[in-house]
Amino acid sequence: MKSLLPLFASLLLGAGCARADHYHPASPAGRAAVVNRAETDSAFWVKEAQDAITKRLKSVESVKKAKNVVMFLGDGMSVPTLAAARTLLGQRRGVTGEEARMHFETFPTVGMVKTYCANAQIADSACTATAYLCGVKATYGAIGVNAGVKRSDCEASRDGARQVQSIAEWALADGRDAGIVTTTRITHASPAGVYAKVADRDWEYDAPVRDAGFDAERCPDIALQLITAHPGNKLKVILGGGRRNLLPNDVLDEEQMYGYRTDNRNLINEWKQDKVARGVTGEYVWNREQLLRANNTLPEYLLGLFENNHLQYNMQRNKETEPTLAELTEVAIRSLSRNEKGFFLFVEGGRIDHAHHDNLVELALDETLEMDAAVARATEMLSEDDSLIVVTADHSHVLAFNGYSQRGNDILGPSTDVDEDGKPYMTLSYTNGPGFRPHVNGMRPNVTAENNFLELDWLSHVDVPLEWETHGGDDVAVFARGPHHSLFTGLYEQSQLPHLMAYAACFGPGQHSCCSGASAVSASVGLFSIFILLSFIFIQ
Ligand SMILES: *[C@@H]1O[C@H](CO)[C@@H](O)[C@H](O)[C@H]1NC(C)=O
Ligand SMILES: *[C@@H]1O[C@H](CO)[C@@H](O)[C@H](O)[C@H]1NC(C)=O
Ligand SMILES: [Zn+2]
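Mature numbering (1 follows the signal peptide of the UniProt record, and there is no 0) puts the sequence shown at residues -20 to -1, 1 to 520.
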């Protein structure tokens, strides 16, 4: 009798929900009222689910060959980044936020990819670009070469057997056009995956190749490859930042910043001269107004370099002179759409990664939403029937979305939960990086009392002090829409991505192709016709 008392007591308390187990404390959220009243009605959720089923039943997957392929890459766009960005999107619109969806989150197929590289548990943007653009896992830091090339091994990277081709090269070989759009330097690791074969991602211009002790003629830098080598010199659209890597170090660019090159080559001029020599129209632009003018004239080749270094973060951009990622994407698609055979376009939201490294989470989420706006623009311009759009990330980051906050709590603010000493902590924080605060009297300081709390340059708290926050080793998501989108479901190696895209578009080196699938169908149609013909003769 006596031994049953505690059980009885806990049952009573449990019934009143006054207690929770120690893993799941009765947080303020447990006592807060439900924010969205409609959600208290079961019918709300039943309808939500039934509508989703109706939508799925109605959607018909195109099995045509994809004429156009657009790949959007959110650099460092981890799964927690997606959840936080969609919440911010909703909260900016004045709703609770968690229920919001980014445009690409409405795509019919979602998969997951494993991002590790040949020699790295946690990847960088170079080996991952080689995976998702060239279809093989590579060495950390290397681009467009297989894992038989060690980082910085100039000689090994010259071996044609160890170089790999990108999906842009497969598309060009098929008579389609190709282009790149990025918010980073055009020679940065992710876009370089489209065109470069280089043993070290840091070899963006000539000096680092020489500094590493190599002959810059034998191992050309990334910028030089972009302008003078295949497939860089075949790209119809090249839009991004990073003028400095294309200009000599005694030449000022349009915004009075010096170039970096020590070989005295002005690659922007060489690009222009090449177009003249080939008798094609080419236009170089460096600001938004010129880009919008080029959007009207649509030269055959378009080179746009809008900054000496990376493009500014959208929230810090000069709205008059600097284009958005959506604008860049639109001009690129309009340019490339002139090829009747179709095109491959790579679009990178490249600064999500930089903002995460610097513990600037609001900027990271805003850059994610900017890339989503570019995806939305692409979906308006391209039909689901003939254009495949794939949205993914290269690797994760160590952003945590944590605590027991109530519904609709400011995604950028403190949790409604507090730590063991009653001190606030943030809903979004990083495992490591800049922003470490030493404990005071054995306790965490009250970060919400800091002067610049929640300003754009305020840093959330971190556990491990590091100059820069690191990448994460967890999987990233893949969203697909358009012909053969269901190929992208499941959990698989990141290096499968270009093979899947090429399969959907019927180009590339693969033995499986939907084209041969189509001819298998016509072969059986052919046999069937012979059968009919023979039957006809027999009946006669
Ligand atoms: C580009 O030109 C098209 C066609 O005139 C126009 O609809 C579109 O708004 C322009 N895009 C931008 C970014 O100005
Ligand atoms: C933390 O600082 C905020 C802002 O100054 C203050 O409102 C709050 O009471 C403080 N909390 C603790 C536990 O010190
Ligand atoms: Zn990074």
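Glycine included, each C-beta is placed from N, C-alpha and C at the ideal position. Fair warning: this is a prediction, and the values are worked out from it, not measured in the lab.
Residues bridged to residue i [DSSP beta-bridge criterion]
i: I369; result: V50 and R461
i: Y112; result: Paired residues: none, contrary to the question.
i: I218; result: I160 and L283
i: F381; result: L408
i: C97; result: A100
i: R241; result: P228
i: I391; result: Answer is none; I391 lacks a bridge partner.
i: E250; result: For E250, which the question treats as bridged, DSSP gives no partner whatsoever.
i: L477; result: None; L477 has no bridge partner.
i: P445; result: G413
i: H451; result: H377
i: M423; result: V420
i: A278; result: Checking the sequence shown, residue 278 turns out to be Leu, not Ala. According to DSSP, which records beta bridges pairwise, L278 is partnered with nothing at all.
i: L471; result: M92
i: I123; result: V178
i: G262; result: Y281
i: Q143; result: V125
Nearest candidate by alpha-carbon position, reference residue i, set the options
i: G413; options: N426, A192 and L340; result: L340
i: A209; options: P394, Y175, G155 and H4; result: Y175
i: H377; options: A111, V49, D31 and A64; result: A64
i: G115; options: A18, L480, V265 and A484; result: L480
i: R131; options: F84, R66, C199 and L69; result: C199
i: Q253; options: H375, N213, G388 and A192; result: N213
i: P5; options: V398, Q476, Y410 and Y472; result: V398
i: E41; options: L392, G488, A460 and Q476; result: A460
i: K216; options: G159, R241, I207 and P228; result: G159
i: H83; options: F433, V371 and L467; result: V371
i: L206; options: G222, M351 and H464; result: G222
i: H451; options: D55, G462 and T86; result: D55
i: A306; options: Y112, E350 and L282; result: E350
i: L408; options: S440, G415, P418 and E430; result: S440
i: V15; options: Q386, E400 and Y264; result: Q386
i: S367; options: E400, T359 and R417; result: T359
i: R241; options: A148, W183 and R142; result: W183
i: Q71; options: M423, P478 and E342; result: E342
i: residue 529; options: G383, N389, G388 and D390; result: Outside the shown range of the chain (-20 to 520) lies residue 529, about which nothing can therefore be said.
i: R297; options: K255, N276, Y264 and E347; result: E347
i: E435; options: L392, R17, V256 and V442; result: L392
i: G330; options: S105, E85 and A29; result: S105
i: A151; options: P211, N225 and F52; result: P211
i: E438; options: P394, I147 and D133; result: With the sequence shown as reference, residue 438 is identified as Trp, and Glu is not the correct amino acid for it. Of the listed residues, the one whose Cα sits closest to W438 is P394.
i: E328; options: A12, M295, G322 and L53; result: L53
i: residue 531; options: T411, E400, Y410 and E449; result: As displayed, the chain neither begins before -20 nor continues past 520, which places residue 531 out of reach and without an answer.
i: A179; options: N126, A29, F433 and A148; result: N126
Anticipated Cβ contact below 8 Å, residue i with residue j, distance rounded
i: A344; j: T61; result: 6 Å
i: R165; j: N289; result: 6 Å
i: N319; j: D157; result: 4 Å
i: A46; j: A484; result: 4 Å
i: C227; j: G284; result: Looking at the sequence itself, residue 227 is Leu, so the reference to Cys does not match. Going by Cβ atoms, the distance from L227 to G284 rounds to 15 Å, so no, they are not a contact pair.
i: K58; j: L446; result: Note on identity: in this sequence residue 58 is Ser, with Lys being the wrong assignment. Actually they are not in contact, since the Cβ atoms of S58 and L446 sit about 17 Å apart, beyond 8 Å.
i: V50; j: I369; result: 5 Å
i: V43; j: P463; result: 7 Å
i: V274; j: L247; result: Per the sequence shown, the amino acid found at residue 274 is Ala instead of Val. The Cβ separation is near 19 Å, so there is no contact.
i: P303; j: F286; result: 7 Å
i: S137; j: V144; result: 11 Å between Cβ atoms; not a contact.
i: T89; j: H465; result: 4 Å
i: A109; j: D374; result: 7 Å
i: A173; j: G140; result: In the sequence on display, residue 173 carries Gly and not Ala. Not quite, the Cβ-Cβ distance comes to about 18 Å (not below 8 Å), so this is no contact.
i: E280; j: T309; result: At roughly 19 Å, the Cβ-Cβ gap does not stay under 8 Å, so E280 and T309 are not in contact.
i: Y238; j: N229; result: 6 Å
i: T167; j: N244; result: In fact, because the Cβ distance is near 18 Å, the residues do not count as touching under 8 Å.
i: C107; j: A122; result: 6 Å
i: P478; j: Y112; result: 6 Å
i: F24; j: A32; result: Contact flag wrong, Cβ pair sits at about 13 Å.
i: F381; j: I147; result: Incorrect: roughly 32 Å between the Cβ atoms, too far for contact.
Check: residue i C-beta below 7 Å from any heavy atom of ligand 4
i: V311; result: Among the ligands present in this structure, namely ligand 1, ligand 2 and ligand 3, ligand 4 is not found.
Problem set entry | Touch test, the region 73 to 87 against the region 99 to 113, Cβ-Cβ under 8 Å, three pairs minimum | no
Problem set entry | Sufficient close CB pairs (3 or more, under 8 Å) joining the region 233 to 251 to the region 331 to 340 | Contact check between the region 233 to 251 and the region 331 to 340: fewer than three CB pairs, one atom from each, fall below 8 Å, which does not count as touching.
Exercise. If you scan the region 146 to 175 from start to end, which runs of the alpha helix (DSSP H) of 4 or more residues do you find wholly inside it?
Worked result: 147 to 153 and 169 to 175
Exercise. Counting pairs of beta carbons, one from the region 313 to 327 and one from the region 187 to 203, are three or more of them closer than 8 Å?
Worked result: no
Problem set entry | Secondary structure, beta strand (DSSP E): runs of 3+ residues fully inside the region 288 to 376 | 323 to 329 and 367 to 373
Problem set entry | Three-pair Cβ contact test at 8 Å for the region 461 to 480 versus the region 89 to 96 | yes
For this session: Can you check the region 52 to 90 for any alpha helix (DSSP H) of at least 4 residues that lies completely inside it and give the ranges in chain order?
Result: 59 to 72
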